[in-house]
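S.K.:
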């Protein structure tokens, strides 16, 4: 069950990244990031009220808030990179480095002990994600820096949220959205013109953020049933989906290396689920 929840989280994030990347090329990425976190906050509050849970303990809310700092950081730099049209650089750097940091911290700091099959799946995931996304044609540069900063946020987001106790329900996710909004708000209000969006674009940004919050809620439920290191890797298979959506909806061509990466991601999923 934990593996299925983590994979569903990956699907949510794949759709969100694809939609957020397209929207960030039409309006300013600052608005996409802030409105997205507001949309996530609304969904998280409703879900936290509906899902039965005991009174959340302050440490659980603090872990959730720290996770939100990671989320806000990741979304800001990821959307900035995507707004520059550098998806082939930002996505692989953020995804692969985020997975590596999360797994390393999970094993060395949290004491996770994946089994042999899970280790094999982890080993396959990093090169598979890199093949799916492909190396950036421009080489290192500002987009690569965006990807590295986003990856640090991804790692903090997953690791911190995984420490919240199961008795806290979904309140840590709601606390994280509050922290993310507070993190992004000062930079956004310095240039309020960037936040003036047509109603349709505002609604799209809110829905994208709600989708990201749903992905986090699914990840939280998965981390409560699965090793954090394994849940992180499964949830981080999301870059495969934007490639598939690009081929199906945008008529983009797929390269042989991307096909190899997709097959590797599928093999990693099976190994992690069995491990």
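Numbering (this note's numbering), first residue to last: 124 to 398. We treat Cβ as the ideally placed atom computed from N, Cα and C, and that holds for glycine.
#1: Could you tell me if residue 319 is buried or exposed, where buried requires 16 or more neighbouring beta carbons within 10 angstroms of its beta carbon?
#2: In whole angstroms, give me the CA-to-CA distance for residue 329 and residue 385.
#3: Which residues in the same chain as residue 327 place their Cβ atom closer than 6 angstroms to its Cβ, once the five residues preceding and following it in sequence are excluded?
#4: Please identify the residue among 189, 270 and 181 whose C-alpha is closest to the C-alpha of residue 290.
#5: Report all residues from its chain with a CB closer than 7 angstroms to the CB of residue 390; omit the five preceding and five following residues, and keep chain order.
#6: Can you tell which of 340, 190 and 139 has the C-alpha that lies nearest to the C-alpha of residue 306?
#7: Pick out the complete alpha helix (DSSP H) segments inside the region 143-207, 4 residues or longer, and give them in chain order.
#8: With DSSP run on the structure shown, which of helix, strand or coil describes residue 361?
#9: By Cβ distance below 6 angstroms, which residues in the same chain neighbour residue 317 in space, the five residues on each side in sequence not counted?
#10: What is the DSSP secondary structure of residue 131, counted as helix, strand or coil?
#11: Residue 250 by DSSP, collapsed to three states: which one?
#12: May I have the straight-line CA-CA distance separating residue 170 from residue 325, to the nearest angstrom?
#13: Residues in its own chain within less than 6 angstroms of residue 331 by CB, not counting five upstream and five downstream?
M.R.: In brief:
#1: Your numbering for residue 319 matches position 196 in the chain shown. Exposed.
#2: If you number the chain shown from 1, residue 329 lands on position 206. If you number the chain shown from 1, residue 385 lands on position 262. A direct Cα-Cα distance of roughly 30 angstroms separates residue 329 from residue 385.
#3: For the purposes of this step, residue 327 is identified with residue 204 of the chain shown, where counting begins at 1. Within the same chain, residue 327 has close Cβ partners 146.
#4: Here residue 290 corresponds to residue number 167 of the chain shown, with the count starting at 1. Checked all of 189, 270 and 181; the closest Cα to residue 290 is 181.
#5: For this step, residue 390 is matched to residue 267 along the chain shown. Correct list, in chain order: 247.
#6: Residue mapping note: residue 306 aligns to position 183 of the chain shown, counting from 1. It is 190 whose Cα lies nearest to the Cα of residue 306.
#7: Correct list: 152-173 and 181-206.
#8: Walking along the chain shown from the start, residue 361 turns up at place 238. Three-state result, residue 361: coil.
#9: Within the chain shown, the letter at position 194 stands for residue 317. Excluding sequence neighbours, residue 317 sits near 151, 153 and 154.
#10: Stepping through the chain shown from its first residue, residue 131 is reached at position 8. Note: residue 131 maps to helix in three-state DSSP.
#11: In the chain shown, the residue the question calls residue 250 occupies position 127. DSSP places residue 250 in helix when its eight states are reduced to three.
#12: Taking the first residue of the chain shown as position 1, residue 170 is located at position 47. Taking the first residue of the chain shown as position 1, residue 325 is located at position 202. Cα to Cα, the separation comes out at about 22 angstroms.
#13: The residue labelled residue 331 in the question sits at position 208 within the chain shown. So the qualifying residues of the chain are 139, 142, 143 and 159.
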